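Some notes on the structure that comes next.
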């Protein structure tokens with residue numbers, strides 16, 4: 002099971018992620034607000050920057066949107 006150990010804002014829509022597997026990298030989530038209606042508030046960069054790690058743990062935002070750790074892992078590592 003893949004989950005996040007840490008997440009740190011880098012710039013724009015980029016977040017540095019560290020996974021429980023020891024793998025890490027920067028994910029660019031610029032496309033996310035246009036892919037999901039509930040993620041529309043993230044178009045405002047100050048709202049995007051308000052992410053936190055939830056109980057799974059994965060990236061979540063106060064607007065109620067979150068991203069599956071597996072999707073983030075695939076975006077960072079290219080592995081499924």
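Numbering (our numbering), first residue to last: 2 to 81. Glycine included, each C-beta is placed from N, C-alpha and C at the ideal position. It should be emphasised that the depicted structure is a prediction, and the values quoted were computed from it without experimental measurement.
Check: Does DSSP classify residue 44 as helix, strand or coil?
Finding: As a first step, residue 44 must be located in the chain shown, where it is residue number 43. It is helical.
Check: First and last residue of the alpha helix (DSSP H) that includes residue 77?
Finding: Residue 77 sits at position 76 when you count from the first residue of the chain shown. Residues 70-78.
Notebook entry, point to check: Since residue 47 contacts residue 63 with CB under 8 Å, what's their CB separation in whole angstroms?
Noted result: Here the question's residue 47 lines up with position 46 in the chain shown. Here the question's residue 63 lines up with position 62 in the chain shown. Rounded, the Cβ-Cβ distance is 11 Å, inconsistent with contact.
Check: Can you give the Cα-Cα distance for residue 7 and residue 35, rounded to whole angstroms?
Finding: The residue given as residue 7 occupies position 6 in the chain shown. The residue given as residue 35 occupies position 34 in the chain shown. Approximately 25 Å, taken between the alpha carbons.
Next item on the list: Just tell me which of 3, 23, 37, 13 has its CA closest to the CA of residue 29.
Entry: Within the chain shown, the letter at position 28 stands for residue 29. Selected option, being the one with the closest Cα: 13.
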